[in-house]
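With my numbering applied, the sequence shown corresponds to residues 1 to 289, in that order.
Glycine included, each C-beta is placed from N, C-alpha and C at the ideal position.
What follows is one structure encoded as structure tokens, with my remarks underneath.
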Amino acid sequence: MPMPGDHRLLAVGFVTLSGAGFVGARLGLPHAEPLTFLSLRFALAALLLGGLALAFRAPWPGRPQGMHIAGAGLLTVGLFSAGVFYSIAGGVTPAVSALIIALHPILIAIAAPLLLGERVSSRQWVGLLLGLAGVFMVLQHGLTNQPMLGWPVFYSFIGLLGMSAGNLYQKARCADMHPLSGGTIQCAACALACAGGALLGESGTVHWAGEFIVALVWMAVVVSVGAVSILVILIRHGEVSRVAGLFYLVPVSAALAAYLLFGQGIAPMQWLGIAIAGSGVVLVTRRPA
Numbered sequence: 001m002p003m004p005g006d007h008r009l010l011a012v013g014f015v016t017l018s019g020a021g022f023v024g025a026r027l028g029l030p031h032a033e034p035l036t037f038l039s040l041r042f043a044l045a046a047l048l049l050g051g052l053a054l055a056f057r058a059p060w061p062g063r064p065q066g067m068h069i070a071g072a073g074l075l076t077v078g079l080f081s082a083g084v085f086y087s088i089a090g091g092v093t094p095a096v097s098a099l100i101i102a103l104h105p106i107l108i109a110i111a112a113p114l115l116l117g118e119r120v121s122s123r124q125w126v127g128l129l130l131g132l133a134g135v136f137m138v139l140q141h142g143l144t145n146q147p148m149l150g151w152p153v154f155y156s157f158i159g160l161l162g163m164s165a166g167n168l169y170q171k172a173r174c175a176d177m178h179p180l181s182g183g184t185i186q187c188a189a190c191a192l193a194c195a196g197g198a199l200l201g202e203s204g205t206v207h208w209a210g211e212f213i214v215a216l217v218w219m220a221v222v223v224s225v226g227a228v229s230i231l232v233i234l235i236r237h238g239e240v241s242r243v244a245g246l247f248y249l250v251p252v253s254a255a256l257a258a259y260l261l262f263g264q265g266i267a268p269m270q271w272l273g274i275a276i277a278g279s280g281v282v283l284v285t286r287r288p289a
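Okay, here's the thing in structure tokens:
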């Protein structure tokens with residue numbers, strides 16, 4: 001059985017908006033250091049989500065549940081974003097970083113049966129391997145002459161572990177969080193953590209160019225409010241191993257966004273990779289009849 005219609009629409013929205021995050025990083029990082037940029041992004045997102053939570057009278061969790069929500073956010077959103085941003089700022093191409101993050105569905109497929117009792121079928125494993133192969137084909141042109149060792153690459157692996165651990169923790173401890181009030185707590189926690197890190201290790205300099213402002217608003221509204229809120233809903237209503245499969249399409253979405261916004265061409269091999277990755281995601285997310 002495939003995803004329900006409304007969940008399919010949410011899945012498309014998540015993939016599309018998440019791919020836009022690489023565009024925002026590309027535009028914003030030349031104007032601010034990673035944690036400085038992220039602290040501003042998360043602070044703006046917390047204000048927006050908090051306003052929406054009040055306007056729609058979203059329920060707020062008690063202190064214990066709020067701590068779980070904050071912890072999941074620090075991993076899923078904060079550590080993931082910091083790892084990827086520091087990696088890209090250190091010279092790693094978005095293609096290399098995206099390929100590392102594409103290991104997320106594999107990690108979840110290994111961990112979810114052990115920690116959450118979810119079953120990953122042989123059909124889903126075929127889909128996971130197809131998806132990873134498709135992502136490699138989409139990104140392989142950006143891997144040429146790129147070092148695969150060193151601290152900048154290591155930061156992407158830290159981001160990968162943050163995303164995977166955060167998704168598992170959220171599903172186990174706070175899957176029922178409201179996307180508006182819970183998102184406010186998560187973004188506020190990430191803003192404080194990133195601001196603290198920026199004060200300790202960065203200059204805090206920001207070049208308030210138009211390009212940076214566009215990137216900041218883009219990352220706060222499109223990614224932090226849009227994509228992350230959708231991810232919360234998908235995790236709440238589905239198995240985390242199936243939701244993780246959607247991450248194979250995020251690099252595909254990023255490649256399409258780069259094609260539309262920056263004129264970066266897509267080679268025939270990449271189109272084939274897109275088709276293979278899409279087929280893999282269908283196998284991962286499709287429920288048995």
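Alpha-carbon to alpha-carbon, residue j and residue i
i: Ser-164; j: Pro-30; result: 28 Å
i: Met-269; j: Gly-19; result: 20 Å
i: Arg-57; j: Gly-51; result: 10 Å
i: Met-1; j: Gly-197; result: With a pLDDT of only 39 at Met-1, under 50, the local geometry of the prediction cannot be trusted, and no value is derived from it.
i: Gly-66; j: Asn-167; result: 16 Å
i: Leu-48; j: Ile-158; result: 28 Å
i: Glu-33; j: Met-219; result: 15 Å
i: Thr-76; j: Gln-186; result: 9 Å
i: Ala-189; j: Val-221; result: 17 Å
i: Leu-98; j: Pro-64; result: Rather than Leu, the amino acid found at residue 98 in this sequence is Ala. Cα to Cα, Ala-98 sits roughly 34 Å from Pro-64.
i: Thr-285; j: Leu-200; result: 42 Å
i: Gly-245; j: Leu-231; result: 12 Å
i: Gly-210; j: Gly-24; result: 13 Å
i: Phe-14; j: His-237; result: 14 Å
i: Gln-140; j: Ala-267; result: 11 Å
i: Ser-315; j: Ala-195; result: An answer regarding residue 315 cannot be provided, because it is not within the stretch 1 to 289 covered by the chain.
i: Gly-90; j: Leu-261; result: 24 Å
i: Thr-16; j: Ala-102; result: 16 Å
i: Glu-118; j: Ala-175; result: 15 Å
i: Ser-229; j: Ser-122; result: 30 Å
i: Gly-280; j: Arg-242; result: 11 Å
i: Ser-224; j: Leu-216; result: 11 Å
i: Ala-258; j: Gly-21; result: 11 Å
i: Trp-208; j: Ala-45; result: 18 Å
Closest Cα partner of residue i within the set the options
i: Tyr-169; options: Val-214, Val-240, Tyr-155 and Ser-229; result: Val-240
i: Ala-129; options: Gly-196, Trp-271, Val-214 and His-104; result: The sequence as given places Leu at residue 129; Ala does not occur at that position. For the residues Gly-196, Trp-271, Val-214 and His-104, the minimum Cα distance to Leu-129 belongs to His-104.
i: Ile-88; options: Tyr-155, Ile-233, Ala-45 and Val-120; result: Tyr-155
i: Gly-273; options: Ala-258, Pro-251 and Ala-53; result: Pro-251
i: Thr-184; options: Leu-99, Trp-208 and Ile-69; result: Ile-69
i: Trp-271; options: Leu-256, Ser-229, Arg-242 and Gly-83; result: Leu-256
i: Ala-53; options: Arg-287, Ile-276 and Leu-180; result: Leu-180
i: Gly-265; options: Val-138, Gly-182, Ser-279 and Gly-90; result: Val-138
i: Val-206; options: Leu-9, Val-12, Gly-28 and Gly-24; result: Gly-28
i: Leu-116; options: Met-177, Arg-173, Phe-22 and Leu-261; result: Arg-173
i: Leu-9; options: Val-126, Gly-263 and Ala-227; result: Ala-227
i: Phe-247; options: Ala-55, Gly-263, Gly-162 and Ala-277; result: Ala-277
i: Ile-108; options: Thr-93, Val-96, Gln-124 and Pro-94; result: Gln-124
i: Val-92; options: Arg-26, Ala-11, Leu-114 and Val-214; result: Arg-26
i: Ala-111; options: Lys-171, Val-84 and Arg-287; result: Lys-171
i: Ser-81; options: Ala-11, Ile-106, Ala-191 and Met-177; result: Ala-191
Helix, strand or coil at residue i according to DSSP, with G and I counted as helix
i: Val-206; result: strand
i: Ala-102; result: coil
i: Gly-159; result: helix
i: Ala-43; result: helix
i: Leu-246; result: helix
i: Ile-69; result: helix
i: Ile-274; result: helix
i: Leu-285; result: First, the residue type needs correcting, since residue 285 is Thr and not Leu in the sequence shown. If DSSP states are grouped into helix, strand and coil, Thr-285 belongs with the helices.
i: Ala-175; result: coil
i: Leu-116; result: coil
i: Trp-60; result: coil
i: Gly-90; result: coil
i: Pro-2; result: Interpretation of Pro-2 is limited by its pLDDT of 46, a score under 50 that renders its predicted location unreliable; no figure is taken from the coordinates.
i: Ala-267; result: coil
i: Ser-121; result: coil
i: Glu-211; result: helix
i: Gly-201; result: helix
i: Gly-238; result: coil
i: Gly-50; result: helix
i: Gly-182; result: helix
i: Gly-150; result: coil
One or two residues paired with residue i in a DSSP bridge
i: Ala-32; result: Val-206
Segment contact flag, the region 149-159 with the region 57-76, C-beta cutoff 8 Å, min 3 pairs: No, they do not touch.
Say whether the region 133-140 touches the region 23-41, bearing in mind that this needs 3 or more beta-carbon pairs closer than 8 Å, one atom from each stretch. Contact between the region 133-140 and the region 23-41 is not established, with fewer than three Cβ pairs separated by less than 8 Å.
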